[in-house]
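The working numbering puts the first residue of the sequence shown at 3, with every later residue one more than the last.
Following: one structure in C-alpha cells, then a few remarks.
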Amino acid sequence: MADLRAAAVLSVTLLALTGCTQGSSPTDRRPAERTTTMSTSAVRTDREPIAKRFPQLGDFTTVHWQGSAAGSDNGGVPGPTDVHIQALAVLPPQALASAASRYKWKPAPANWDASLRAELRPFLPAAGAWQVSDEFAKDVRTARYSGPVYLDISSGTVFLDVIGR
C-alpha cells in the first residue's frame, strides 16, 4: 500500500513539474515578445457603430473613423479591453447651428490635433475654426467614454478622440 501511495505521489509530482517547464511551442510568448499595441485598422465609413455609441451626435452626414484596443499587453490576466476610437463626423447644417448656439465654446488648444492618426488626416477640413466645449463633449461621449471632443464651427466636423470601456 505504501508503495502504491509513493508511486502516486511521484506521478503527480512529475506531472506538475512537466507542466511547469518552459516549452518552445510556437504559441509560447516571452514578456519581451508580447505585443504592446494593436495595429491600426483601416479607415471605416460605416455609420452605425458611431451612431450607436454616440447618439447625441445626431444624424451626421459622413463619418471616417478607426478603432483599436487601448493600452498595452502587460502579460496579465485577460479581461475586458478598452477601445480607442478616433472619428471625424460631419454634422448637417441644422445640427451644427443647434450645437453652436446651445453650448459655450472656446478655441481649441494649440496642437489639439497632435493625436489624430495619419490615416484620418486626409478627412480633416483644410481650414477650420476648431472649438471645445466641456458640456458638448460630456453630452456626445456619454458616460461610457472619456477623452476630448472638438468641433470645427466652419465645417461642422466633430473630432472624437475617446476611450471607452
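Just so you know, even glycine gets a beta-carbon here, dropped at the ideal spot from N, CA and C.
Identity of the residue in the options nearest residue i by Cα
i: residue 1; options: 150, 64, 111, 137; result: Because the chain spans 3 through 167 in this model, residue 1 falls outside it and cannot be assessed.
i: residue 133; options: 115, 54, 70; result: 115
i: residue 139; options: 69, 163, 66; result: 163
i: residue 96; options: 64, 60, 87, 109; result: 60
i: residue 100; options: 58, 50, 146; result: 58
i: residue 66; options: 120, 111, 105; result: 120
i: residue 130; options: 109, 70, 69, 141; result: 109
i: residue 64; options: 53, 146, 112; result: 53
i: residue 199; options: 48, 98, 49, 43; result: As shown, the chain starts at 3 and ends at 167. That puts residue 199 outside it, with no answer to give.
i: residue 62; options: 69, 47, 70; result: 47
i: residue 56; options: 68, 146, 135; result: 146
i: residue 105; options: 142, 49, 69; result: 142
i: residue 167; options: 68, 51, 86; result: 86
i: residue 111; options: 68, 51, 153; result: 153
Bridge-paired residues (DSSP) for residue i
i: residue 166; result: 85, 147
i: residue 126; result: According to DSSP, residue 126 bridges with nothing at all.
i: residue 161; result: 90, 152
Expected contact under 8 Å - CB spacing of residue i and residue j to nearest Å
i: residue 84; j: residue 165; result: 5 Å
i: residue 122; j: residue 45; result: 6 Å
i: residue 135; j: residue 107; result: 5 Å
N- and C-terminal bounds of the beta strand (DSSP E) containing residue i
i: residue 71; result: 64-71
i: residue 134; result: 132-134
Chain E within 7 Å of residue i, Cβ atoms only
i: residue 113; result: Looking at the structure shown, chain E is missing, and only one protein chain is on hand.
N- and C-terminal bounds of the alpha helix (DSSP H) containing residue i
i: residue 96; result: 95-104
i: residue 55; result: 50-55
>> Whether or not the segment 91-108 and the segment 142-161 are in contact is what I'm after, with contact meaning three or more pairs of Cβ atoms, one per stretch, closer than 8 Å; do they touch?
In response: The answer is yes - the segment 91-108 touches the segment 142-161, with three or more Cβ pairs under 8 Å.
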